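Working notes, beginning with the structure itself.
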Amino acid sequence: MADFEAIYQVVALIPEGRVTSYGAIAGYLGSKGGARLVGWAMNASHGQASIPAHRVVNRNGVLTGKNFFGGNRMQELLEAECLTIKDDQIQHFSSHFWDPAVELL
Numbered sequence: 007m008a009d010f011e012a013i014y015q016v017v018a019l020i021p022e023g024r025v026t027s028y029g030a031i032a033g034y035l036g037s038k039g040g041a042r043l044v045g046w047a048m049n050a051s052h053g054q055a056s057i058p059a060h061r062v063v064n065r066n067g068v069l070t071g072k073n074f075f076g077g078n079r080m081q082e083l084l085e086a087e088c089l090t091i092k093d094d095q096i097q098h099f100s101s102h103f104w105d106p107a108v109e110l111l
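The sequence shown begins at 7 in the working numbering and counts up one residue at a time.
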């Protein structure tokens, strides 16, 4: 089971303008069923500027963690990186998806 620090190391590598999913991070770290742990780590990371938690969404591109940012802050951060959000979902999600299992070979 991955720890928060291992999760943060992966999240810190997500490029601006790209997003990944809780499950993709968990799978990369060898914990295929560990998406919830990644979510908990993202919730605990608020206030750490080096952790771009806004770039981690659910497997369908939905901003499921937005309530932990307050208001529309998660959406605002993603839109500032040129992503389009509609009804709390990233548009053209697959073209923005960053898969650590592929990108970090």
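Even glycine gets a Cβ: it sits at the ideal position worked out from N, Cα and C. Bear in mind that the values here come from a model prediction, so they are computed numbers and not experimental data.
Starting from residue i, trace the alpha helix (DSSP H) in both directions and tell me its first and last residue.
| i | result |
| --- | --- |
| W46 | 41-50 |
| P21 | No alpha helix (DSSP H) contains P21, which DSSP labels as neither H nor E. |
| G106 | Checking the sequence, you will find Pro at residue 106 rather than Gly. Per DSSP, P106 belongs to the alpha helix (DSSP H) from 106-109. |
| F103 | Neither: F103 is in no alpha helix (DSSP H) and is coded neither H nor E. |
| Q81 | 79-86 |
| G33 | 28-34 |
Could you compute how far the alpha carbon of residue i sits from the alpha carbon of residue j?
| i | j | result |
| --- | --- | --- |
| L69 | D9 | 23 Å |
| G45 | Q97 | 21 Å |
| L19 | D93 | 27 Å |
| L43 | G29 | 10 Å |
| P106 | N66 | 16 Å |
| V56 | K38 | The question names Val, but residue 56 is Ser in the sequence shown. Approximately 25 Å, taken between the alpha carbons. |
| F75 | H52 | 8 Å |
| Q54 | A47 | 11 Å |
| F99 | P21 | 15 Å |
| L110 | Y14 | 14 Å |
| W104 | Y34 | 12 Å |
| N64 | L83 | 16 Å |
| H102 | A12 | 23 Å |
List the whole-angstrom C-beta distance separating residue i from residue j, where the pair is believed to meet the contact cut-off of C-beta under 8 Å.
| i | j | result |
| --- | --- | --- |
| A32 | G40 | 4 Å |
| A86 | G71 | Rounded, the Cβ-Cβ distance is 17 Å, inconsistent with contact. |
| R24 | R79 | The pair is not a contact, with the Cβ atoms about 19 Å apart (cut-off 8 Å). |
Under the DSSP definition of a beta bridge, which residues are partnered with residue i?
| i | result |
| --- | --- |
| K72 | None; K72 has no bridge partner. |
| I13 | BP columns for I13 are empty, so no partner. |
| Q54 | Q54 pairs with nothing; no bridge assigned. |
| K92 | Q95 |
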